[in-house]
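**Q** Here it is, the structure in full.
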Amino acid sequence: MTSQALLSLLADGEVHSGESLASCLGVSRTAIWKQIKRAADDGYAIETIRGKGYRLVTAIDLLGASAIVSQLPGDLRASVQLAVHEALDSTNAEVIRRRAEFEDGKTFVCIADHQTAGRGRRGRQWQSPRGENLYLSFGLTFRGGFSMLDGLSLVLGVAVAEALEALGLSPVALKWPNDVFYNGKKLAGILVELQGELEEGVVNVVAGIGLNVHMTDAGQIDQEWTSLAKAQSDRIWSRNRVAAALIESVVSAADRFATDGFKSFQSRWQARDEFYGRSLFARDGDLSGVGKGIDSSGNYLVAVGDRLESVRAGELSLRAEP
Ligand code: BTN
C-alpha cells in the first residue's frame with residue numbers, strides 16, 4: 020500500500036530529493052526508493068529526475084482527517100467521530116463493523132480513498148477508484164421503526180444536493196428516490212442500509228454516499244455519469260472541502276429529520292425533481308405516465324391519464340421514456 024506520508028510530501032508537485040524525503044520520514048534512502056516503486060505500482064505517476072529526486076507528475080488531492088475537521092463549523096467539530104482510511108472494502112461495511120466503538124453523542128463518519136468492494140443500490144457494484152472521488156458513510160440512529168427509512172433516503176438526497184449548491188454547483192437535481200444528478204447525468208449515489216433494530220422503534224442505519232469528484236474516465240459504469248471536475252472543469256476541487264460540506268449538510272438534515280420528520284424536506288426535494296413533467300416508466304415498465312413529484316411521505320407520484328398513482332421506494336426504478 021502506498022505510503023500516505025510520502026504522498027503528502029510529494030503532493031506539492033515539486034522535485035524532492037531522496038535524501039530530503041528520507042530525512043523527513045526518518046527512513047533510509049533505500050526505503051524511500053521502495054516506497055516510490057510501490058506508489059508507481061499503485062498507479063501514481065512519479066517521475067525520477069536523475070541526480071535531483073522525485074516529482075509527482077499530476078497533482079493529487081489527498082484526503083486528510085484534520086483538513087476535513089478544520090473546515091467544519093466550530094460547533095460540529097466536537098460532535099463528529101471521523102475515520103479516514105486509505106482503502107476499505109466498503110465504507111458502509113466498515114460503519115457496520117465499528118458500531119460498537121461509536122462515541123456517545125457523536126456522529127460516526129467513515130471515509131475511504133478507495134473501495135475494493137463498493138456497494139451500490141440493487142446489489143450493484145460502485146466503482147471506487149483510488150484518489151478520484153469521495154466515498155463516505157455515516158452511522159445514524161433514529162426512532163420511528165423501519166418505515167421511516169424511505170423518507171430518510173430522500174432527505175439524504177436533499178442534504179447532498181444542498182451541500183453541492185452551497186459549494187457553487189447549480190442546479191443540482193434529484194432522481195427519485197435519491198440519485199443526485201447534474202446536467203442530466205448521475206453525479207452521486209446514496210445507499211441506505213438498515214443495520215438493525217435495537218429496541219422497539221429504534222433503528223440503526225448506515226447512509227453511504229458516493230460522489231464523483233475528479234473522475235473523468237471510467238470503464239464500466241452502465242449509465243451516463245458526471246463528476247464535479249466535468250461539471251466545472253475550470254475549478255480545482257478539494258475532496259476535503261467537499262467532504263466537510265457533505266458532513267455538515269448530512270448531520271444537520273439527519274437532526275432535523277429526527278425531530279420533525281419528512282415534512283420540511285418535501286418541498287426541498289420537490290424543487291429538484293429531475294423527472295417532474297417528464298414521461299417515464301415505473302414498476303419495471305408496467306406503469307407508464309408523467310412525473311408529478313412526491314407526496315408528504317416521499318412516495319413518487321405518476322400521472323396516468325387523469326389518475327395519480329403513488330409509487331413506493333421498493334417498487335420502482337424510474338426511467339425516462341426515450
Ligand atoms: C447507488 O447505487 O446509487 C448508491 C451508491 C452508493 C455508493 C456509496 S460509496 C460509499 C458507501 N460505501 C459503499 O459501499 N457504498 C456507498
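With the first letter of the sequence shown counted as 1, position 158 gets the number 177 in my numbering; the numbers rise by one all the way through.
For every residue, glycine included, the Cβ atom is placed at its ideal position computed from N, Cα and C.
None of these values were measured; they are calculated from a predicted model.
Beta-carbon within less than 7 Å of R275's beta-carbon, same chain only, minus the 5 sequence neighbours each way: which residues are those?
**A** Residue numbering aside, residue 275 sits at position 256 when the sequence shown is read from its first letter. So the qualifying residues of the chain are S283.
**Q** Would you mind stating whether D80 and G150 have Cβ atoms separated by less than 9 Å?
**A** Against the sequence shown, residue 80 aligns to sequence position 61. Against the sequence shown, residue 150 aligns to sequence position 131. Yes, they are a contact pair.
**Q** Is any non-hydrogen atom of the ligand BTN found closer than 8 Å to the C-beta of Q239, if you look at the structure I gave you?
**A** Locating residue 239 in the sequence shown gives position 220, counting from the first residue. Not so, every heavy atom of the ligand BTN lies at least 8 Å from the Cβ.
**Q** When you compare each of V46, G37, V99, H233 to R69 by their alpha carbons, which one comes out closest?
**A** On the sequence shown, residue 69 is found 50 positions in, with the first residue counted as 1. Minimum Cα distance to R69 is reached at G37.
**Q** The ligand BTN and W145: does the residue's C-beta get closer than 8 Å to at least one heavy atom of that ligand?
**A** Your numbering for residue 145 matches position 126 in the sequence shown. Flag set: Cβ of W145 near the ligand BTN.
**Q** When you compare the CB positions of N152 and S85, do they come within less than 9 Å of one another, or not?
**A** Locating residue 152 in the sequence shown gives position 133, where the first residue counts as 1. Locating residue 85 in the sequence shown gives position 66, where the first residue counts as 1. Taking 9 Å as the Cβ cut-off, N152 and S85 do not qualify as a contacting pair.
**Q** Is K56 helix, strand or coil by DSSP?
**A** If you number the sequence shown from 1, residue 56 lands on position 37. Three-state result, K56: helix.
**Q** Can you check which of these residues, V174, A50, T135, is closest to Y154 by C-alpha distance?
**A** Within the sequence shown, numbered from 1, the residue matching residue 154 stands at position 135. The candidate whose alpha carbon is nearest that of Y154 is T135.
**Q** Would the beta-carbon of I209 be found less than 8 Å away from any heavy atom of the ligand BTN?
**A** Stepping through the sequence shown from its first residue, residue 209 is reached at position 190. Yes, the ligand BTN has a heavy atom inside 8 Å of this Cβ.
**Q** Rounding to the nearest angstrom, what Cα-Cα distance links A41 and R74 in this structure?
**A** Start at 1 with the first residue of the sequence shown, and residue 41 comes out as number 22. Start at 1 with the first residue of the sequence shown, and residue 74 comes out as number 55. For A41 and R74, the distance between alpha carbons rounds to 14 Å.
**Q** Restricting to Cα atoms, I'd like to know which of E105, Q100, D132 is closest to A119.
**A** On the sequence shown, residue 119 is found 100 positions in, with the first residue counted as 1. Selected option, being the one with the closest Cα: Q100.
**Q** Please report the distance separating the alpha-carbon of S3 from that of G308.
**A** The requested residue 3 is not part of the displayed model; the chain covers only 20 to 341.
**Q** Taking 8 Å as the line, does the beta carbon of L155 fall inside it for any heavy atom of the ligand BTN?
**A** As a position in the sequence shown, residue 155 is number 136, starting the count at 1. Checking the Cβ of L155 against the ligand BTN gives yes.
**Q** For the ligand BTN, is there a heavy atom less than 8 Å away from the beta-carbon of N111?
**A** Here residue 111 is taken as the residue at index 92 of the sequence shown, counted from 1. For the ligand BTN, at least one heavy atom lies less than 8 Å from the Cβ of N111.
**Q** Leaving out the 5 sequence neighbours to the left and right, which residues in its chain are closer than 7 Å to K125 when beta-carbon positions are compared?
**A** Counting from one through the sequence shown, the residue named residue 125 turns up at place 106. Taken in chain order, the residues that qualify are S98, V99, Q100.
**Q** Given 8 Å as the limit, tell me if Q405 has its C-beta closer than that to any heavy atom belonging to the ligand BTN.
**A** Outside the shown range of the chain (20 to 341) lies residue 405, about which nothing can therefore be said.
**Q** According to DSSP, is N259 part of a helix, a strand, or is it coil?
**A** Mapped onto the sequence shown, residue 259 falls at position 240. DSSP places N259 in helix when its eight states are reduced to three.
**Q** Looking at G215 and N111, is the spacing between their C-beta atoms short of 9 Å?
**A** On the sequence shown, position 92 is the one that residue 111 refers to. On the sequence shown, position 196 is the one that residue 215 refers to. Their beta carbons are not under 9 Å apart, which means N111 does not touch G215 by this criterion.
**Q** A136 by DSSP, collapsed to three states: which one?
**A** Start at 1 with the first residue of the sequence shown, and residue 136 comes out as number 117. Reduced to three states, the DSSP call for A136 is coil.
**Q** Taking 8 Å as the line, does the beta carbon of G203 fall inside it for any heavy atom of the ligand BTN?
**A** The residue you call residue 203 lines up with position 184 of the sequence shown. The answer is no for G203.
**Q** Do you know offhand how far G163's Cα is from G296's?
**A** Position 144 of the sequence shown holds residue 163. Position 277 of the sequence shown holds residue 296. About 32 Å.
**Q** Identify which residue in D292, A322, T160 has its Cα closest to the Cα of D123.
**A** Position 104 of the sequence shown holds residue 123. Residue T160 is the option with its Cα nearest to D123.
**Q** Could you tell me the distance, in whole angstroms, from the CA atom of L2 to the CA atom of A180?
**A** One cannot answer for residue 2 here, as it falls past the ends of the chain, which runs 20 to 341.
**Q** Go through the stretch 86-149 residue by residue and report every complete run of the beta strand (DSSP E) that reaches 3 residues or more, in order.
**A** Listed in chain order, they are 99-104, 126-131.
**Q** Any beta carbon from chain D within less than 9 Å of R162's own beta carbon?
**A** Considering every chain present, this structure includes no chain D. It has just one protein chain.
**Q** For a test of your reading of the model: does the CB of G280 fall under 8 Å from any non-hydrogen atom of the ligand BTN? Yes or no.
**A** Within the sequence shown, residue 280 is the residue found at index 261, counting from 1. No, the beta carbon of G280 sits no closer than 8 Å to any heavy atom of the ligand BTN.
**Q** Let me check one thing: in DSSP terms, what residues is D198 bridge-paired to?
**A** Sequence index remark: in the sequence shown, residue 198 carries index 179 (1-based). Paired residues: K194.
**Q** When you measure from the CB of Q214 to every non-hydrogen atom of the ligand BTN, does any distance come out below 8 Å?
**A** By 1-based counting over the sequence shown, the position of residue 214 is 195. No - the ligand BTN has no heavy atom lying nearer than 8 Å to the Cβ of Q214.
**Q** Could you tell me the boundaries of the alpha helix (DSSP H) in which V179 lies?
**A** Numbered from its first residue, the sequence shown carries residue 179 at position 160. Unbroken alpha helix (DSSP H) run through V179: 168-185.
**Q** Determine the DSSP secondary structure at K71, reduced to helix, strand or coil.
**A** As a working mapping, residue 71 is identified with position 52 in the sequence shown. Coil.
**Q** State the start and end residues of the unbroken alpha helix (DSSP H) segment that holds G37.
**A** If you number the sequence shown from 1, residue 37 lands on position 18. 37-44 is the extent of the alpha helix (DSSP H) around G37.
**Q** Count the other CB atoms, across all protein chains shown, that sit within 10 Å of the CB of G142; report buried if there are 16 or more and exposed otherwise.
**A** In the sequence shown, residue 142 corresponds to position 123, counting from 1. That one is exposed.
**Q** Would you kindly report the start and end of the unbroken beta strand (DSSP E) that includes K311?
**A** Reading the sequence shown from its first residue, position 292 is the one you call residue 311. Unbroken beta strand (DSSP E) run through K311: 306-313.
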